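Only one structure is covered here, and it is reproduced in the block below.
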Amino acid sequence: MGAGHIDPNKALDPGLIYDANSEDYINLLCALNFTAKQIQTITRSTSYDCKYPSLDLNYPSFIAYFNTNNTKSDSTTVQEFQRTVTNIGDENSIYIAKLTTFDGLKVSVSPDRLEFSKKYEKKSYKLRIEGPGLMNGSVHGSLTWIDSSGKYSVRSPIVATNLIP
Numbered sequence: 239m240g241a242g243h244i245d246p247n248k249a250l251d252p253g254l255i256y257d258a259n260s261e262d263y264i265n266l267l268c269a270l271n272f273t274a275k276q277i278q279t280i281t282r283s284t285s286y287d288c289k290y291p292s293l294d295l296n297y298p299s300f301i302a303y304f305n306t307n308n309t310k311s312d313s314t315t316v317q318e319f320q321r322t323v324t325n326i327g328d329e330n331s332i333y334i335a336k337l338t339t340f341d342g343l344k345v346s347v348s349p350d351r352l353e354f355s356k357k358y359e360k361k362s363y364k365l366r367i368e369g370p371g372l373m374n375g376s377v378h379g380s381l382t383w384i385d386s387s388g389k390y391s392v393r394s395p396i397v398a399t400n401l402i403p
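Heads up: the sequence shown begins at 239 in our numbering, then just goes up one per residue.
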């Protein structure tokens, strides 16, 4: 799931970035239950560690699956994601979170304000999606971090959908 069309000029100066290294991707493969042979094929290495498997890759998009193990129509499911962004924009930047509305879901971000005093500083936030245990269809929206000067706007798409059995 992408975050939009590429603007080459803005891509050179995006403001915030989501870093992910090779270990993060290996942890994702481990969490997805890839076999040792599959991981070796992808990484071209036999030296990897599956001690910390995680489905929560530090990526600028979010997908929340509902109906995973729920059979009660009155139940609520909560999914939380943690992300870390690095300021590669201006020093002394303040970014404010803006969420689109989501039909039938409660979506929140904490903190909803990120203050960076210097370049390459890192800050983390949590995105929380709460919805019905038995959700029908898909809901799309986004989280956009907008800096106070108006120079940067960093958009992350969000999808909540049912998991087809």
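Glycine included, every Cβ here is placed at the ideal spot set by N, Cα and C.
On a predicted model such as this, the values are computed, not experimentally measured, just so you know.
Would you kindly check if the distance between the Cβ of residue j and the Cβ of residue i is under 8 Å?
i: Lys357; j: Ile326; result: yes
i: Leu365; j: Leu381; result: yes
i: Pro395; j: Ser299; result: yes
i: Ala258; j: Pro291; result: no
i: Leu337; j: Trp383; result: no
I'd like the list of long-range same chain contacts for residue i, defined as Cβ closer than 6 Å, with 5 residues on each side in sequence excluded.
i: Thr322; result: Asn296, Lys360, Ser362
i: Asp328; result: none
i: Phe340; result: Val377, Gly379
i: Leu267; result: Ile277
Would you kindly report the start and end of the unbroken alpha helix (DSSP H) that includes residue i?
i: Asp385; result: Where Asp385 is concerned, there is no enclosing alpha helix (DSSP H), although the beta strand (DSSP E) it sits in stretches over 376-385.
i: Lys248; result: 246-249
Considering only residues of the same chain and omitting the five flanking positions on each side of residue i, which have a CB-CB separation below 7 Å?
i: Glu368; result: Thr314, Val316, Leu343, Lys344
Give the range of the beta strand (DSSP E) segment to which residue i is assigned.
i: Ala302; result: 300-304
i: Tyr363; result: 360-370
i: Pro395; result: 391-400
Kindly say whether residue i, judged by its beta-carbon, lies nearer than 8 Å to any beta-carbon of chain B.
i: Phe354; result: As a matter of chain content, chain B is missing from the structure shown, which is built from one protein chain.
- Counting only runs of 3+ residues fully inside the region 314-355, write out the beta strand (DSSP E) ranges in chain order. 314-325, 331-337, 344-348, 351-354
- Query: Are there three or more Cβ pairs, one per stretch, closer than 8 Å when the region 373-390 is compared with the region 241-261?
  - Reply: Touching, yes, given that three or more Cβ pairs across the two stretches are closer than 8 Å.
- What are the complete alpha helix (DSSP H) segments, minimum 4 residues, inside the region 254-297? 260-269, 274-281
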